[in-house]
Amino acid sequence: MSFKTMRIMEVCGTHTMSIFRHGLRSALPKNIKLISGPGCPVCVTSQGEIDLAIKVSEKEGVIIATYGDMVRVPGSNGSLADRRAQGAEVEVVLSAAQCLDLAKDNPDRTVVFLAVGFETTAPATAATVIQAKRDGIDNLSVLCFHKRVPPALELLASTPNCAIDGLLLPGHVAVILGHEPFRFLPEGHGIPSVIAGFSAGEILSALMELLRQIKAKSPALESRYASVVRPDGNRTAMALMDQVFEHTTSNWRGLGPIDGSGLKLSEDYRSMDCLARFDLKAEEAPEPDGCICGRILSGQKEPGDCPLFGRRCTPVTPVGPCMVSGEGTCSAWYRYGRKGEL
Amino acid sequence: MCLAIPHRIVNILDKDRALARAGAVEREIRIDLIDQVQKGDDVLVHAGFAIQKVTKEDGEELTDLWDKIREMAGEF
Ligand code: SF4
Numbered sequence: 001m002s003f004k005t006m007r008i009m010e011v012c013g014t015h016t017m018s019i020f021r022h023g024l025r026s027a028l029p030k031n032i033k034l035i036s037g038p039g040c041p042v043c044v045t046s047q048g049e050i051d052l053a054i055k056v057s058e059k060e061g062v063i064i065a066t067y068g069d070m071v072r073v074p075g076s077n078g079s080l081a082d083r084r085a086q087g088a089e090v091e092v093v094l095s096a097a098q099c100l101d102l103a104k105d106n107p108d109r110t111v112v113f114l115a116v117g118f119e120t121t122a123p124a125t126a127a128t129v130i131q132a133k134r135d136g137i138d139n140l141s142v143l144c145f146h147k148r149v150p151p152a153l154e155l156l157a158s159t160p161n162c163a164i165d166g167l168l169l170p171g172h173v174a175v176i177l178g179h180e181p182f183r184f185l186p187e188g189h190g191i192p193s194v195i196a197g198f199s200a201g202e203i204l205s206a207l208m209e210l211l212r213q214i215k216a217k218s219p220a221l222e223s224r225y226a227s228v229v230r231p232d233g234n235r236t237a238m239a240l241m242d243q244v245f246e247h248t249t250s251n252w253r254g255l256g257p258i259d260g261s262g263l264k265l266s267e268d269y270r271s272m273d274c275l276a277r278f279d280l281k282a283e284e285a286p287e288p289d290g291c292i293c294g295r296i297l298s299g300q301k302e303p304g305d306c307p308l309f310g311r312r313c314t315p316v317t318p319v320g321p322c323m324v325s326g327e328g329t330c331s332a333w334y335r336y337g338r339k340g341e342l
Numbered sequence: 343m344c345l346a347i348p349h350r351i352v353n354i355l356d357k358d359r360a361l362a363r364a365g366a367v368e369r370e371i372r373i374d375l376i377d378q379v380q381k382g383d384d385v386l387v388h389a390g391f392a393i394q395k396v397t398k399e400d401g402e403e404l405t406d407l408w409d410k411i412r413e414m415a416g417e418f
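One line per chain: the protein sequences are A and B, in this order. For the first sequence, the numbering used here assigns the number 1 to the initial residue and increments by one for each residue that follows. For the second sequence, the numbering used here assigns the number 343 to the initial residue and increments by one for each residue that follows.
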């Protein structure tokens, strides 16, 4: 007897990693197919954005500060790690707040925080920007590539022939946003949607709720991560984001430009905008030759479909960002076996 | 990159900062993204910032989930 195949997208890169680490993919019944979505911030940063960061690193007196994986993502001409080997100052930070000390300790330099991440990470940038302004730290600026998850999901859900039977929604984005911004998925697009935590048990519990909804043909928004996700999210964090950012079009690797899916500094904080400071503009650049990251991020292809996978492209010699980030789908496949069958 | 780890607040340093512990590691975190944090609270920390307080788990029984999932998948 054959059963219907269910395609369930885990949106968040941290879910992808957890699913592989716990061997869930291989242990699940064969007709449950987990596909990885555009939820690794490093992976969805576009080629043009990476190139822009590299251009900024070439400016006189600049220190680039960013989260770890960004340093190794190849742009059209090398990565920030390559730039560092050539003498540029590139610092890895674990928190946006570290940029405040970096700026204070280097008063004659300009510290540029290369800010990536979704709504989980953007509030930390907002709090840092507010403090920099309050403390009169004027040698800190932000190259702001933060992206918003709901508009990307809207795009995926509205794609004709969208073959997603259920969505495991990103738990930590929901910690900030709460339930409401995801409600359009079941209610407008009929896609069962469950906010999930990150332990094996939490993921299984969310999967089970998705199966229940699919079976009952009753799409709804549910949360299986109630220990930290409040229905109305984190209002303090959202208020800080509203104070510091405004929505803008952002270019997602693989999905292209999406209206309102990016965050840029609002008028009151424009003096800290790196693009304004250096009079630069984001330009689009083609993805690396042969790399199909884009189609992987939208769930159309798997890493094994890429001719470069495991050959020219490995975690040591990454061609695309999905192989660089620890949460990238290609990197997860490489580390845990092609189908996660370890 | 959206990894976040529960920490317990050990000490409030000022209105924006606290000392927090996860396992054996104690570190300074920012607490300006959440309201009314107290010593002893469990908080979820992402990129050096507490982003939410952690409440008690629902106590959901997870042990037999695998069987249930297999069973449900087979029902289609
Ligand atoms: S294997 Fe490498 S080149 Fe191929 S899609 Fe993944 S990151 Fe791109």
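The beta-carbon is built from N, C-alpha and C at its ideal position, and this holds for glycine as well.
Indicate whether the contact test is met: 3 or more Cβ pairs, each with one atom in the stretch 316 to 334 of chain A and one in the stretch 72 to 79 of chain A, closer than 8 Å. Yes, the stretch 316 to 334 of chain A touches the stretch 72 to 79 of chain A.
Taking beta-carbon pairs under 7 Å, can you tell me which members of the stretch 383 to 397 of chain B lie near chain A? Near chain A, meaning a CB-to-CB distance below 7 Å, the residues of the stretch 383 to 397 of chain B are Leu386, His388, Ala389, Gly390, Phe391, Ile393, Gln394, Val396 and Thr397.
For Thr314(A), which residues in the same chain have their Cβ closer than 8 Å to its Cβ, ignoring the five residues on either side in sequence? Within the first sequence, numbered from 1, the residue matching residue 314(A) stands at position 314. If we look at Thr314(A) and ignore the five residues flanking it on each side, its Cβ neighbours are Met323 and Tyr334.
Report the neighbours of Leu375(B) on chain A: residues whose CB is nearer than 8 Å to its CB, in chain order. For this step, residue 375(B) is matched to residue 33 along the second sequence. Around Leu375(B), the beta-carbon contacts reaching into chain A at under 8 Å are Pro123, Ala124, Ala127, Asn234, Thr236, Ala237 and Leu240.
contact_flag[the stretch 306 to 313 of chain A, the stretch 254 to 271 of chain A] where n(CB pairs < 8 Å) is 3 or more: As far as the Cβ criterion goes, the stretch 306 to 313 of chain A does not touch the stretch 254 to 271 of chain A, which means the pair count is below three.
Verify the contact flag: Pro315(A), CB atom, against every heavy atom of the ligand SF4, threshold strictly below 7 Å. Looking up residue 315(A) in the first sequence gives position 315. The nearest non-hydrogen atom of the ligand SF4 is 7 Å or more from the C-beta of Pro315(A).
Taking 7 Å as the line, does the beta carbon of Val44(A) fall inside it for any heavy atom of the ligand SF4? Translated into the one-based positions of the first sequence, residue 44(A) becomes position 44. No, the Cβ of Val44(A) stays beyond 7 Å of every heavy atom of the ligand SF4.
Hey, which unbroken runs of the alpha helix (DSSP H) at 4 residues or more fall wholly within the stretch 93 to 150 of chain A? Taking 4 residues as the shortest admissible run, the stretch 93 to 150 of chain A contains the following complete alpha helix (DSSP H) segments, listed from N- to C-terminal end: 98 to 105 and 122 to 134.
Just to confirm, are Asp374(B) and Arg350(B) a CB contact at a threshold of 8 Å? Here residue 374(B) refers to the residue found at position 32 of the second sequence. Here residue 350(B) refers to the residue found at position 8 of the second sequence. No, these two residues do not count as a Cβ contact at 8 Å.
Do you know how far the Cα of Glu202(A) is from the Cα of Gly78(A)? Taking the first sequence and counting its residues from 1, the one referred to as residue 78(A) is at position 78. Taking the first sequence and counting its residues from 1, the one referred to as residue 202(A) is at position 202. Just so you know, the alpha carbons of Gly78(A) and Glu202(A) end up roughly 39 Å apart.
Candidates Ile258(A), Asp105(A), Trp252(A) and Gly37(A): which alpha carbon is nearest Cys12(A)'s? Here residue 12(A) is taken as the residue at index 12 of the first sequence, counted from 1. Selected option, being the one with the closest Cα: Gly37(A).
For Val379(B), which of Ile347(B), Gly416(B), Leu361(B) and Ala389(B) has the nearest alpha-carbon? Walking along the second sequence from the start, residue 379(B) turns up at place 37. Out of Ile347(B), Gly416(B), Leu361(B) and Ala389(B), Leu361(B) has the C-alpha closest to the C-alpha of Val379(B).
Verify the CB distance criterion: does Leu345(B) have a CB-CB separation below 8 Å to chain A? As a position in the second sequence, residue 345(B) is number 3, starting the count at 1. Under the 8 Å criterion on CB atoms, Leu345(B) is classed as interfacial with respect to chain A.
When the Cα atoms are used, what is the spatial distance from Ala103(A) to Ala276(A)? In the first sequence, residue 103(A) corresponds to position 103, counting from 1. In the first sequence, residue 276(A) corresponds to position 276, counting from 1. Here the alpha carbons of Ala276(A) and Ala103(A) stand approximately 18 Å from one another.
Does any CB atom of chain B fall closer than 8 Å to the CB of Tyr336(A)? Locating residue 336(A) in the first sequence gives position 336, counting from the first residue. So no, Tyr336(A) is outside the interface.
To the nearest angstrom, how far is the alpha carbon of Leu345(B) from that of Lys59(A)? Working through the second sequence from its first residue, we reach residue 345(B) at position 3. Working through the first sequence from its first residue, we reach residue 59(A) at position 59. Using only the alpha carbons, I get a separation of about 32 Å.
Please determine, among Arg212(A), Gly190(A) and Pro170(A), the residue with the shortest C-alpha to C-alpha distance to Ser199(A). Position 199 of the first sequence, counting from 1, holds the residue named residue 199(A). Residue nearest to Ser199(A) within the set Arg212(A), Gly190(A) and Pro170(A) is Pro170(A) (criterion: CA-CA distance).
Just tell me which of Arg148(A), His189(A), Gly233(A) and Thr121(A) has its CA closest to the CA of Val175(A). Reading the first sequence from its first residue, position 175 is the one you call residue 175(A). Out of Arg148(A), His189(A), Gly233(A) and Thr121(A), Gly233(A) has the C-alpha closest to the C-alpha of Val175(A).
Give me the Cα-Cα distance between Gln131(A) and Phe391(B), rounded to the nearest whole angstrom. As a first step, residue 131(A) must be located in the first sequence, where it is residue number 131. As a first step, residue 391(B) must be located in the second sequence, where it is residue number 49. A direct Cα-to-Cα measurement between Gln131(A) and Phe391(B) gives close to 14 Å.
Under the rule that 16 or more other beta-carbon atoms within 10 Å means buried, what is Asp279(A), buried or exposed? Counting from one through the first sequence, the residue named residue 279(A) turns up at place 279. Under a 10 Å Cβ-count criterion, Asp279(A) is classified as exposed, with fewer than 16 other Cβ atoms of the shown protein chains found around its own Cβ.
Nonlocal neighbours in the same chain, by C-beta distance under 6 Å from Arg148(A), ignoring five residues either side: Indexing the first sequence from 1 puts residue 148(A) at position 148. Result list for Arg148(A): Ser261, in chain order.
For Thr329(A), count neighbouring Cβ atoms within 10 angstroms of its own Cβ and tell me buried if that reaches 16, exposed if not. Residue mapping note: residue 329(A) aligns to position 329 of the first sequence, counting from 1. Classification for Thr329(A): buried.
With DSSP collapsed to three states, give me the class of Met1(A). By one-based count along the first sequence, residue 1(A) stands at place 1. Low local confidence applies: a pLDDT of 43 at Met1(A) is under 50, so the model's placement there is unreliable, with the coordinate-based value given in what follows. In this structure, Met1(A) counts as coil in the three-state DSSP scheme.
Taking Gly13(A) as the query, report the chain B residues whose CB atoms sit under 8 Å from its CB, ordered along the chain. The residue given as residue 13(A) occupies position 13 in the first sequence. The contacting residues are Met343 and Cys344.
Using alpha carbons as the reference points, say which of Ala126(A), Glu89(A) and Leu185(A) lies closest to Ala152(A). For the purposes of this step, residue 152(A) is taken as the residue at position 152 of the first sequence. Ranking the options by Cα distance to Ala152(A), first place goes to Leu185(A).
Between the stretch 201 to 227 of chain A and chain B, which residues of the former have a C-beta closer than 9 Å to a C-beta of the latter? Answer in chain order: Gly201, Glu202, Leu204, Ser205, Leu207, Met208, Leu211, Arg212, Ile214, Lys215, Arg224, Ala226 and Ser227.
Beta-carbon within less than 6 Å of Thr66(A)'s beta-carbon, same chain only, minus the 5 sequence neighbours each way: which residues are those? In the first sequence, the residue the question calls residue 66(A) occupies position 66. Within the same chain, Leu114 come within 6 Å of Thr66(A) by CB-CB distance, once the 5 residues on both sides are set aside.
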